[in-house]
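Participant: Pasting a structure here, questions to come.
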Amino acid sequence: MNISKFFILVLLINPVAYAQQQADTGFQFNNPNPVYASVTGPRVCIDEGHHNFHTLDGRYLPFAQMVREDGYVVQAHQGLFTEQSLSVCEILVIANALHASNSNNWSYPHPSAFAAQEIQALILWVNAGGKLLLIADHAPFAGAAADLGAVSGLMMADIYAVHRRQGADVFMRNDNTLHDHAITRGRNTRESIQNVTSFTGQAAMMTGDWQALLSFSAEAFAYINPQQAYQQQTTQVQGFSVSGWFQAAAREWGNGRMVFLGEAAMCSAQTSGNGSPMGMNSPQAPQNAQFCLNLVRWLSEDL
């Protein structure tokens, strides 16, 4: 078993250990050419009103700092989504929201994190020009975001998806699991993305309105029980192939834009309980930070 996948597996089967993940506050991304001068860019709101596992001052602090250094204004969004609350946001980031019943209990079922009125407010906001980054990880987070995903043309599988049975889950341009898009091209060759590493998330299917960014390999498999995810088995139990499914995609929606990520750590920099890096700070993910910055720039129509 690959050692990095072993540590991820320990986290997945032990919510207490999962909660021990901490932001790597020492992470810094070298950005020689910010899109905006300091605090002159669009306002990015990070959701903190839905029992989010990743928040502005918590596990998504490295992401927030990187985006701020690109000139964006970053703030938390507290409370429910309404027309009024969304009006101050140009870009909204929802990272691993949960229903209250799952905040300390990840057993099934996993109800929607969002009330019907909130989903309606988000639909109207995006279609009027809002930009949404929806990040929903493996179960229970996929289930919590499934209703919101469905109205945008995503069918999320509330499971644990593995891209490759051996080694890190690396999506690569040269094997067509990382797809050509303005986000993966960047502004120049320095910002062009050749690979993105994921740290175990969900898998989704999507309508033709979406453009793929990351798609699963022929060997990709999904499991209901995370303990099965990396075991060598001759007979798969409680699982199914997700070959050709997606872990990241982008679309235009009315006058707005939306990006979906089916795994959250790829755009953070975290350490696990034993200090192992996970995310943009991982040696196995050298281009993740640029990928995540590119997708914010695409949302703000700077790509």
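Residue numbers for the sequence shown follow the working numbering, beginning at 1473 and rising by one. Cβ atoms here follow ideal geometry from the backbone N, Cα and C, with glycine treated the same way. Just so you know, these numbers come straight off a predicted model, no measurement behind them.
Starting from S1687 and walking both ways along the beta strand (DSSP E), at which residues does that stretch end?
Facilitator: Here the beta strand (DSSP E) through S1687 covers Q1683 to S1687.
Participant: According to the neighbour-count rule (16 or more other Cβ atoms, all chains shown, within 10 Å of its Cβ), is N1576 buried or exposed?
Facilitator: The residue in question, N1576, is exposed, as its Cβ has fewer than 16 Cβ neighbours within 10 Å.
Participant: Grab me the residues of M1460's own chain with a C-beta within less than 6 Å of its C-beta, minus the 5 sequence neighbours each way, in chain order.
Facilitator: It is not possible to answer for residue 1460, since the shown part of the chain is limited to 1473 through 1775.
Participant: Is any heavy atom of the ligand FAD found at a distance shorter than 8 Å from the C-beta of L1558?
Facilitator: As presented, the structure is devoid of all ligands, the ligand FAD included, so that no description of it is given.
Participant: Given a cut-off of 9 Å, decide if D1542 and L1767 are closer than it, judged by their beta-carbon atoms.
Facilitator: No, Cβ-Cβ distance for L1767 and D1542 is not below 9 Å.
Participant: Measuring only the C-alpha atoms, how far is A1778 from C1517?
Facilitator: Beyond the ends of the chain as shown, which are 1473 and 1775, falls residue 1778; an answer cannot be given.
Participant: So what does N1518 bridge to, in DSSP terms?
Facilitator: Residue identity differs from the one stated: residue 1518 is Ile in this sequence, not Asn. In DSSP, I1518 forms a bridge with A1548 and V1565.
Participant: Please state if the CB of F1525 and the CB of L1776 are separated by a distance shorter than 9 Å.
Facilitator: This structure cannot speak to residue 1776, because the chain is shown only from 1473 to 1775.
Participant: Leaving out five residues on either side along the sequence, give the residues of the same chain with a beta carbon under 8 Å from the beta carbon of Q1683.
Facilitator: The residues are H1651, H1653, A1721, A1722 and R1723.
Participant: Under 7 Å Cβ to Cβ from D1496, same chain only, skipping five residues before and after it: list those, please.
Facilitator: Only P1534, A1741, Q1742, T1743, P1749 and N1753 meet the Cβ criterion.
Participant: Count the other C-beta atoms from every protein chain shown that fall within 10 angstroms of the C-beta of S1670, then say buried if there are 16 or more, exposed otherwise.
Facilitator: Buried is the call here.
Participant: So is V1634 buried or exposed if we call it buried at 16+ other beta carbons inside 10 Å?
Facilitator: Its Cβ being crowded by 16 or more others within 10 Å, V1634 is buried.
Participant: In terms of residues, what are the limits of the beta strand (DSSP E) holding D1605?
Facilitator: Here residue 1605 turns out to be Leu, not Asp, going by the sequence shown. Looking at the DSSP string, the run of the beta strand (DSSP E) that includes L1605 is K1603 to I1607.
Participant: Flag this pair as yes or no: are the beta carbons of V1780 and P1506 separated by less than 9 Å?
Facilitator: Since the displayed the chain opens at 1473 and closes at 1775, residue 1780 lies outside it and no answer follows.
Participant: Could you give the DSSP three-state label for F1613: helix, strand or coil?
Facilitator: It is helical.
Participant: Quick check for students: name the residue ranges of the beta strand (DSSP E) that lie wholly in the region 1619-1668, counting only runs of 3 or more.
Facilitator: Here the runs fully enclosed are 1626-1634 and 1641-1644.
Participant: Do you know how far the Cα of S1687 is from the Cα of A1617?
Facilitator: One C-alpha to the other measures close to 19 Å.
Participant: Please state the DSSP three-state secondary structure of E1724.
Facilitator: Residue state, collapsed to three classes: strand.
Participant: For R1729, which beta-bridge partners are listed by DSSP?
Facilitator: For R1729, which the question treats as bridged, DSSP gives the partners K1603 and E1724.
Participant: According to the neighbour-count rule (16 or more other Cβ atoms, all chains shown, within 10 Å of its Cβ), is V1714 buried or exposed?
Facilitator: Classification for V1714: buried.
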